[in-house]
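Visitor: If you count the sequence shown from 1, position 231 lands on 230 in numbering that gives the first Met the number 0, and the numbers rise without skipping. Here a beta-carbon is modelled for each residue, glycine too, at the ideal position from N, C-alpha and C. Before anything else, here's the structure in question.
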Amino acid sequence: MKEQTEQKTKIAAFVCNWCSYAGADAAGTSRLQYDDSVWIVRFPCTGRIDPLFIIKAFEQGVDGVLVSGCHPGDCHYATGNLFARRRFTIFRTLMLFLGLDERRLQFSWVSAAEGAKWASVVNTVAGAVKELNGEPFTWAIPMPLRGAIGASDGEAVQTLRENIKAIEQTHRFTFGDQMIETREAAMTEELRLRAKQLLEAGEVNAVLGYANGTLPRTAIPLFALSLEATDQLVWNRHCRTNLAVYLARPLVRKLGKLAVVVKPCDAKAVLGLLQEHQVQRENVHLIGMACTGVEERGAIAPKCLSCTQRMPDLFDTKIGTAQEQPATRGNPIDETVRLLDNASPQERWNFWQEEFSRCIRCYACRAVCPFCYCETCITDKHRPQWITPSARSEGTMAWNIVRAAHLAGRCVGCNECARVCPANIRLDLLNRKIALEIKNEFDYEAGQSVESAPPLVAYRPDDSQEFIR
Ligand code: FES
Numbered sequence: 000m001k002e003q004t005e006q007k008t009k010i011a012a013f014v015c016n017w018c019s020y021a022g023a024d025a026a027g028t029s030r031l032q033y034d035d036s037v038w039i040v041r042f043p044c045t046g047r048i049d050p051l052f053i054i055k056a057f058e059q060g061v062d063g064v065l066v067s068g069c070h071p072g073d074c075h076y077a078t079g080n081l082f083a084r085r086r087f088t089i090f091r092t093l094m095l096f097l098g099l100d101e102r103r104l105q106f107s108w109v110s111a112a113e114g115a116k117w118a119s120v121v122n123t124v125a126g127a128v129k130e131l132n133g134e135p136f137t138w139a140i141p142m143p144l145r146g147a148i149g150a151s152d153g154e155a156v157q158t159l160r161e162n163i164k165a166i167e168q169t170h171r172f173t174f175g176d177q178m179i180e181t182r183e184a185a186m187t188e189e190l191r192l193r194a195k196q197l198l199e200a201g202e203v204n205a206v207l208g209y210a211n212g213t214l215p216r217t218a219i220p221l222f223a224l225s226l227e228a229t230d231q232l233v234w235n236r237h238c239r240t241n242l243a244v245y246l247a248r249p250l251v252r253k254l255g256k257l258a259v260v261v262k263p264c265d266a267k268a269v270l271g272l273l274q275e276h277q278v279q280r281e282n283v284h285l286i287g288m289a290c291t292g293v294e295e296r297g298a299i300a301p302k303c304l305s306c307t308q309r310m311p312d313l314f315d316t317k318i319g320t321a322q323e324q325p326a327t328r329g330n331p332i333d334e335t336v337r338l339l340d341n342a343s344p345q346e347r348w349n350f351w352q353e354e355f356s357r358c359i360r361c362y363a364c365r366a367v368c369p370f371c372y373c374e375t376c377i378t379d380k381h382r383p384q385w386i387t388p389s390a391r392s393e394g395t396m397a398w399n400i401v402r403a404a405h406l407a408g409r410c411v412g413c414n415e416c417a418r419v420c421p422a423n424i425r426l427d428l429l430n431r432k433i434a435l436e437i438k439n440e441f442d443y444e445a446g447q448s449v450e451s452a453p454p455l456v457a458y459r460p461d462d463s464q465e466f467i468r
């Protein structure tokens with residue numbers, strides 16, 4: 000039985016050519032014995048190891064992944080491993096938050112001279128992964144899911160869900176302020192007037208704002224190209240869409256200079272797009288709105304409860320007067336992240352498999368994200384096809400992980416992805432977990448400054464690396 004289990008174990012070792020591969024070679028030439036469940040894949044540098052390769056390896060059925068490269072300071076390309084270290088820090092956090100057992104994803108620095116260390120790392124990693132193989136590892140979401148999760152695991156996830164619901168209920172607040180409609184009407188008037196002035200003076204070619212939707216309590220994006228069209232502009236608590244999503248689109252760029260209505264979180268996204276050179280500052284005129292929060296499902300949106308920012312940091316025109324900063328009314332998103340952090344890895348894994356099992360791959364989350372602007376998304380590429388495009392479970396896992404990983408250090412927490420998800424998948428929790436880790440590890444918050452380098456295209460020589468052997 001033991002032999003059978005050992006035979007089944009597969010560990011993918013992603014190693015850099017110059018140190019760890021040479022270290023593995025040194026172990027061989029020194030005739031050191033090490034576990035044969037490791038399959039080596041050679042890369043030019045750890046800097047070339049995209050987390051997508053790790054996802055793909057799990058999808059293809061490996062039981063564990065080991066990533067190994069040169070020690071800091073020894074990289075053949077000087078700093079490839081220092082950039083990689085940051086990427087691995089965040090990717091590992093994401094995977095552990097999803098419930099992957101930490102023994103399944105391990106990292107090491109092994110130099111060309113450390114054949115003995117290579118043998119020892121491989122034996123330790125293989126031993127740890129084999130300990131787990133009593134339970135078969137299912138990457139693909141089993142269908143039907145409920146039958147596949149054991150009764151006690153199912154109960155634990157149910158309890159988790161009830162606790163999440165309790166957090167949502169405790170933090171459910173309605174606007175309740177009778178003055179709000181008067182304030183919104185006054186701001187709408189001020190906005191229309193300013194939009195007319197901008198168009199009349201030829202300062203902009205269009206004003207991107209909101210109009211009333213056809214359904215009650217909705218507002219939809221509006222490109223006002225003429226003076227008459229500005230009379231349709233509105234401002235109210237239903238103006239939820241982050242309009243920054245349009246700015247990097249080729250057709251919108253063709254409009255030339257644009258005035259855009261922004262809430263504080265939208266302005267952060269514009270700032271991110273400026274930082275990533277997707278938008279030129281001289282091509283946008285930001286109309287900053289005094290914000291008291293937006294409404295979702297009849298209550299104040301969870302993201303607005305802990306927000307104390309009443310005016311955007313970045314604007315050219317200001318509409319309305321910033322109200323006094325309110326005391327926060329709790330932070331249900333952070334509370335839920337903590338709740339999941341405190342659950343066991345298996346509970347988290349089951350929770351997220353349940354969440355992702357509802358994904359129909361409509362890509363609404365991608366469509367509303369200001370930072371999903373690639374001409375061809377990785378999910379649409381088929382040479383090679385990294386992520387299966389249909390709603391097959393392996394691809395669904397991969398898509399949701401890749402989406403969150405691609406937003407690391409960029410997501411400004413507008414939570415549009417979670418709001419528009421027709422399956423109510425808690426994508427906001429994944430984004431927030433990564434944002435918290437980035438703040439904690441790299442002291443960086445997205446949407447704060449155009450000049451600062453995004454955290455995953457920078458490094459500090461003393462970045463923490465406790466998780467690397
Ligand atoms: Fe080994 Fe860069 S060459 S990590």
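1) On the CB-based measure, 16 or more other CB atoms within 10 Å of its CB, does cysteine 361 come out buried or exposed?
2) Evaluate contact between the stretch 368–383 and the stretch 263–277, counting only Cβ atoms and requiring at least three cross-stretch pairs below 8 Å.
3) Does the beta-carbon of serine 463 have 16 or more other beta-carbons within 10 angstroms, so that it is buried, or is it exposed?
4) Could you work out which residue in Cys238, Arg248, Tyr245 and Leu254 is closest to serine 225 when comparing CA atoms only?
5) At least one CB of chain B closer than 9 Å to the CB of valine 61: is that the case?
6) What are the residues that DSSP puts in a beta bridge with leucine 192?
7) For ligand 1, any of its heavy atoms closer than 8 Å to the Cβ of alanine 83?
8) With 16 as the cutoff for other CB atoms within 10 Å, does threonine 240 come out buried or exposed?
9) With 16 other CB atoms within 10 Å as the buried threshold, where does cysteine 373 fall?
10) Counting pairs of Cβ atoms below 8 Å between the stretch 393–407 and the stretch 284–294, do you hit three or more?
11) Taking 8 Å as the cut-off, is the beta-carbon of aspartate 73 closer than that to any non-hydrogen atom of ligand 1?
12) Three-state secondary structure (DSSP) at glutamine 352?
13) Hey, is threonine 45 close to ligand 1, as in C-beta under 8 Å from one of its heavy atoms?
14) Per DSSP, glutamine 105 is paired with what?
15) Considering only residues of the same chain and omitting the five flanking positions on each side of glutamate 281, which have a CB-CB separation below 8 Å?
16) Tell me whether leucine 99 sits in a helix, a strand or coil according to DSSP, three-state version.
17) Indicate whether alanine 23 and valine 109 have their beta-carbon atoms separated by less than 9 Å.
18) Going straight from the alpha carbon of valine 456 to that of methionine 94, what length do you get?
19) Can you tell me the Cα-Cα spacing of valine 336 and aspartate 230, whole angstroms?
20) Am I right that valine 449 and leucine 273 are in contact with their C-beta atoms under 8 Å? What's the rounded C-beta distance?
21) Does DSSP classify methionine 310 as helix, strand or coil?
22) Considering asparagine 211, what are the terminal residues of the beta strand (DSSP E) in which it resides?
23) Taking lysine 262 as the reference, give the member of Lys317, Tyr443, His276 and Tyr245 with the closest Cα.
24) For the alpha helix (DSSP H) that contains histidine 405, what are its first and last residues?
25) On the DSSP letters alone, give me the boundaries of the beta strand (DSSP E) that tryptophan 38 sits inside.
26) What residues match up with glycine 287 in a beta bridge as DSSP calls it?
27) Hey, is asparagine 80 close to ligand 1, as in C-beta under 8 Å from one of its heavy atoms?
28) Would you report the Cα separation of methionine 310 and threonine 320, rounded to the nearest angstrom?
29) Can you list, in chain order, the residues of its chain with a C-beta nearer than 6 Å to that of isoleucine 166? Leave out the 5 residues immediately preceding and following it.
30) May I ask which residues mark the beginning and end of the alpha helix (DSSP H) holding alanine 56?
31) For ligand 1, is there a heavy atom less than 8 Å away from the beta-carbon of glycine 68?
32) Which of the three DSSP states is assigned to alanine 298 in this structure?
33) Compute every distance between the C-beta of serine 107 and the non-hydrogen atoms of ligand 1, then say whether any falls below 8 Å.
34) With a cut-off of 8 Å on the beta carbons, I'd call glycine 408 and proline 453 a contact; round off their distance for me.
35) Report, in whole angstroms, the separation of the C-beta atoms of leucine 429 and alanine 403, which I expect to be a contact under 8 Å.
Guide: According to the structure data:
1) Taking all protein chains in view, the Cβ of cysteine 361 is surrounded by fewer than 16 other Cβ atoms within 10 Å, so the residue is classified as exposed.
2) With the cut-off at 8 Å, the stretch 368–383 and the stretch 263–277 touch.
3) Label assigned to serine 463: exposed.
4) If we check each option's Cα against that of serine 225, Leu254 comes out closest.
5) Looking at the structure shown, chain B is missing, and only one protein chain is on hand.
6) None; leucine 192 has no bridge partner.
7) Taken from the Cβ of alanine 83, at least one heavy atom of ligand 1 lies inside 8 Å.
8) Threonine 240 should be labelled buried.
9) Exposed is the call here.
10) Judged by Cβ distances under 8 Å, the stretch 393–407 makes no contact with the stretch 284–294, as fewer than three pairs qualify.
11) Placement of the Cβ of aspartate 73 at a distance of less than 8 Å from at least one heavy atom of ligand 1 is found.
12) Glutamine 352 carries a helical assignment under DSSP once its states are collapsed to helix, strand and coil.
13) Here the distance from the Cβ of threonine 45 to the nearest heavy atom of ligand 1 is below 8 Å.
14) Answer is Leu65.
15) By the criterion of a C-beta distance shorter than 8 Å, glutamate 281 is surrounded in its chain by Lys256, once the five residues flanking it on both sides are discounted.
16) The answer is coil: DSSP assigns leucine 99 none of H, G, I, E or B.
17) Yes, the Cβ-Cβ distance between alanine 23 and valine 109 is below 9 Å.
18) Those two C-alpha atoms are separated by around 20 Å.
19) Whole-angstrom Cα-Cα distance: 42 Å.
20) About 5 Å separates the two Cβ atoms, so the contact holds.
21) When DSSP states are grouped into helix, strand and coil, methionine 310 belongs to the coil group.
22) Residues 205–211.
23) The shortest C-alpha separation from lysine 262 is found at Lys317.
24) It spans 392–405 - the alpha helix (DSSP H) in which histidine 405 sits, taken as one unbroken run.
25) Tryptophan 38 -> beta strand (DSSP E) spans 37–42.
26) According to DSSP, which records beta bridges pairwise, glycine 287 is partnered with Val261 and Lys317.
27) Here the distance from the Cβ of asparagine 80 to the nearest heavy atom of ligand 1 is below 8 Å.
28) Near 8 Å, if we compare the C-alpha coordinates of threonine 320 and methionine 310.
29) The residues are Pro331, Glu334 and Thr335.
30) 50–58 is the span of the alpha helix (DSSP H), which, as asked, contains alanine 56.
31) Between ligand 1 and glycine 68, a heavy atom-to-CB distance of less than 8 Å is present.
32) Residue state, collapsed to three classes: strand.
33) Not under cutoff, so the answer is no.
34) Between proline 453 and glycine 408 the Cβ distance is about 5 Å, and since that is below 8 Å, they are a contact.
35) Indeed, because the Cβ distance is near 4 Å, the residues count as touching under 8 Å.
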